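Peer 1: Here it is, the structure, as structure tokens.
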Amino acid sequence: MKRWFDAFCLNAFERAIDRLDRIVNRGENMQCTVHTPNAYLNQHQTALLPDWKQSVASVLIVLQPCSVSLFDRTPETEVYKDLLRQQFLQFGESIVHQLQRQFHHATRFDPRTGLPIDATAGTLRLHDVAVVRSLLGYDTLNCGGCLTIVHPHWQGAVYPATLLSSAPPVTVERVMQQVENPVLASGR
18 MKRWFDAFCL
28 NAFERAIDRL
38 DRIVNRGENM
48 QCTVHTPNAY
58 LNQHQTALLP
68 DWKQSVASVL
78 IVLQPCSVSL
88 FDRTPETEVY
98 KDLLRQQFLQ
108 FGESIVHQLQ
118 RQFHHATRFD
128 PRTGLPIDAT
138 AGTLRLHDVA
148 VVRSLLGYDT
158 LNCGGCLTIV
168 HPHWQGAVYP
178 ATLLSSAPPV
188 TVERVMQQVE
198 NPVLASGR
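Take 18 as the starting number for the sequence shown in my numbering and just add one per residue.
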């Protein structure tokens, strides 16, 4: 009985370690965490990324604070979302190129459409808010038929984005540290 209990506790501990927030970069302008994929991403990889021959090994979540809450959809929030989307696309492009140079699959997902930018799109779209809720455990609110993240510090003033890669999380972390991030640099 003790052996089973010890194995159960060890297994639970290992699962908890896999789900720990691995904050790679955290500044006033961006929070990045790297995770192993959840069961949903593993199960639906072919529908998301039909041309990938390697499995998704890491999920990079990029959260950017916004000057206004995104709970309401207004012309002002749309302007901010466009700006934050462009900042993510620029930041993510450097990471994707570095990972691809190391022979890993990597792609940013467009937060607006849920489709991959650097890979062939499949039949399924990626929902950034659902990824954040699943991997970080953040609460969400349904605002006019659209799920919105409730960040523990930024509340509804946060813009999520996702990058998937076949590289292990430690490789993604290392690449992030090597890539110059103009978004973080501008906040210092």
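We put the beta carbon where it would ideally sit given N, CA and C, even for glycine. Predicted, not measured: the structure shown is a model, and the values here were computed from it.
If you run the structure through DSSP and keep just helix, strand and coil, what is T94?
Peer 2: Helix, per DSSP.
Peer 1: So, does the CB of H122 fall closer than 8 Å to a CB anywhere in chain C?
Peer 2: Protein chains in the displayed structure number just one, and chain C is not present.
Peer 1: Could you check whether the stretch 76 to 96 touches the stretch 152 to 167, counting it as contact only if at least three pairs of C-beta atoms, one from each stretch, sit closer than 8 Å?
Peer 2: Enough Cβ pairs lie closer than 8 Å, so yes.
Peer 1: In three-state terms, what does DSSP make of T50?
Peer 2: In this structure, T50 counts as strand in the three-state DSSP scheme.
Peer 1: Comparing C-alpha positions only, which one of T157, V187, P185 sits nearest to V176?
Peer 2: Residue identity differs from the one stated: residue 176 is Tyr in this sequence, not Val. Selected option, being the one with the closest Cα: T157.
Peer 1: On the CB-based measure, 16 or more other CB atoms within 10 Å of its CB, does P169 come out buried or exposed?
Peer 2: Its Cβ having fewer than 16 others within 10 Å, P169 is exposed.
Peer 1: Buried or exposed: which applies to F120, given that a residue is buried once 16 or more other Cβ atoms fall within 10 Å of its Cβ?
Peer 2: So F120 counts as exposed.
Peer 1: Please report how far the alpha carbon of E95 lies from the alpha carbon of M47, in whole angstroms.
Peer 2: E95 and M47: Cα-Cα distance of roughly 19 Å.
Peer 1: How about L116 and V167: do their beta carbons lie closer than 8 Å?
Peer 2: No, the Cβ-Cβ distance between L116 and V167 is not below 8 Å.
Peer 1: Rounded C-beta distance between L180 and A123? I'm assuming under 8 Å.
Peer 2: Confirmed, Cβ separation roughly 7 Å.
Peer 1: Have a look at V189, P186, S182 and flag the residue whose alpha-carbon is nearest the alpha-carbon of K70.
Peer 2: When only C-alpha atoms are compared, the closest one is S182.
Peer 1: Classify N59 as helix, strand or coil using the three-state DSSP reduction.
Peer 2: Correct three-state label for N59: helix.
Peer 1: Would you call the CB atoms of F105 and V76 closer than 8 Å?
Peer 2: In this structure, V76 does not lie closer than 8 Å to F105 by Cβ.
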